[in-house]
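Per this note's numbering, residue 72 is the first one in the sequence shown, and the count goes up by one each step.
Note that the Cβ used here is the ideal one computed from N, Cα and C, for glycine as well.
Keep in mind the model is a prediction, meaning the values are calculated, not measured.
As structure tokens, the structure follows; a few thoughts come after it.
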Amino acid sequence: MLTTRAPADVPVYGEDIYSRSAILDPYPHYERLRDLGRVVWLSKQQVYALPRYAEAKAALLDDQTFRSGCGVGLNEPTNRLSRGTTLNSDDELHAERRSLVAHRLTPRALRKMEGDVQARATAIVENAVALRTVDGVADLAVALPMAVVPDLVGWPAEGRDNLLKWAAATFDLLGPLNGQAVRQIPTGLAMKRFAGTVVKKRLVQPGSMGDDVLRAADEGRISHDQCPALMIDYLAPSLDTTISAISSALHLFAAHPDQWNLLRDNPALLSNAVNEVVRLEAPIRAFTRKVARDTELSGVRIPEGSRVLVLYASANRDDTEWTDPDAFDITRDASRQLGFGHGAHGCAGQGLARMETQAILRALLERVERIVAAGEPSWAVNNIIHRYERLPLELIPREDPS
72 MLTTRAPADV
82 PVYGEDIYSR
92 SAILDPYPHY
102 ERLRDLGRVV
112 WLSKQQVYAL
122 PRYAEAKAAL
132 LDDQTFRSGC
142 GVGLNEPTNR
152 LSRGTTLNSD
162 DELHAERRSL
172 VAHRLTPRAL
182 RKMEGDVQAR
192 ATAIVENAVA
202 LRTVDGVADL
212 AVALPMAVVP
222 DLVGWPAEGR
232 DNLLKWAAAT
242 FDLLGPLNGQ
252 AVRQIPTGLA
262 MKRFAGTVVK
272 KRLVQPGSMG
282 DDVLRAADEG
292 RISHDQCPAL
302 MIDYLAPSLD
312 TTISAISSAL
322 HLFAAHPDQW
332 NLLRDNPALL
342 SNAVNEVVRL
352 EAPIRAFTRK
362 VARDTELSGV
372 RIPEGSRVLV
382 LYASANRDDT
392 EWTDPDAFDI
402 TRDASRQLGF
412 GHGAHGCAGQ
422 GLARMETQAI
432 LRALLERVER
442 IVAAGEPSWA
452 VNNIIHRYER
462 LPLELIPRED
472 PS
């Protein structure tokens, strides 16, 4: 039965972790949650929070108890509307949804894309270095995924100008029904309407993910009514998570020039460096799971019907899992970070996000001596996505790019 008041013997956190100030600076809240306990009751959202690594990972791995099919958001209207998508499904249905596009995201398929992605990243970085002073978000972090992802999904050219604001709205609506989410309802509905038009008029590019989805509907594997939501489901996460990872990497390397020098001297650390970026600045703050049966985590009884909030960003800074967790250290083994999720619902597009982030950093390593902050950055305000809105940087070029 769904709990609507603070359970006995569970520590309670009364502050709103989805207030504007908490969205802009969430880490003090996460630290206080971890100090309170391994399972904490959020009185504002009426959910159990999992702020530490072990419990968060355990919930993600136990998808028979902690279910996604009733939605992963913090409000029921959005959860009802999004059921049946890849993000909001379980078991055979979830496997079927992922299988529609899985062949495009396998390591072999991504290797075939690698040359093109690197060439695009190189061109973007060359333009940025020529400018020297840039916005790391608009000129680098947004530029590459916007050049890659819409083509992969097959989104029509005439609908691309709105993709970033549409994707942001999609994530905002997965938070609580606060002012931030309510303001995004018209934008979210606009994306849904446009996706419906794309499907109805078959505007997707031939040979794309979207084309795969429509053919699956034609073959009766899914209904045509499900196609618009699935198009959004594949598109939105592939943009914002990558934008977050790239912009956070740029900021962290600007703030830690010793780590940039270390990476320049040891390019083999590039893959681990991306893991460390995602560990320290997880692109997704948190998603919920619905508890399918009475269970227990770390001695806390959680009744059937409850919701738990898996705090990826907090778990990734748990001092019982990581030594000096707030430090940026590209030599640490960060491969077990939860920033891209874990288990059956681990981010299907994380391989592409890693490839794009590495491609930008690789091009910068070849051409840039130092990345220097050139102004005060600002964070985007979003219930779910954690990324920079603006990131002024100066790129100090190497004397000999060769």
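- In chain order, D134 place their CB closer than 6 Å to the CB of A415, counting only its own chain and leaving out the 5 sequence neighbours on each side.
- In this structure, S139 places its C-beta atom within 8 Å of the C-beta atom of R360.
- Going by DSSP, Y124 is part of the alpha helix (DSSP H) stretching over 124 to 132.
- Boundaries of the beta strand (DSSP E) around K361: 358 to 362.
- Taking the Cα positions, K183 is about 40 Å away from N146.
- Looking at the DSSP output, S449 sits in a beta bridge with R461.
- Taking one beta carbon from each stretch, the segment 441 to 461 and the segment 186 to 199 have fewer than 3 pairs nearer than 8 Å; the two do not touch.
- Here I401 is near L334, since their CB atoms are less than 8 Å apart.
- Annotation for A434: A192, T193, V196 place their beta carbon closer than 6 Å to its own, counting only its chain and skipping 5 residues before and after.
- Contact between W112 and A77 holds: their C-beta atoms lie close to 5 Å from each other, under 8 Å.
- Looking at the DSSP output, T366 sits in a beta bridge with I373.
- DSSP, reduced to helix, strand and coil, places P299 within a helical segment of the structure shown.
- Per DSSP, the unbroken alpha helix (DSSP H) holding T149 starts and ends at 147 to 152.
- For the 8 Å CB-CB criterion, D283 and V188 do not form a contact.
- For W112, the enclosing beta strand (DSSP E) starts and ends at 111 to 113.
- Boundaries cannot be given for A77, as no alpha helix (DSSP H) includes it and DSSP labels it neither H nor E.
- A Cβ-Cβ separation of about 11 Å leaves V220 out of contact with L235 under the 8 Å criterion.
- In the three-state reduction of the DSSP assignment, F265 falls in the helix class, which pools H, G and I.
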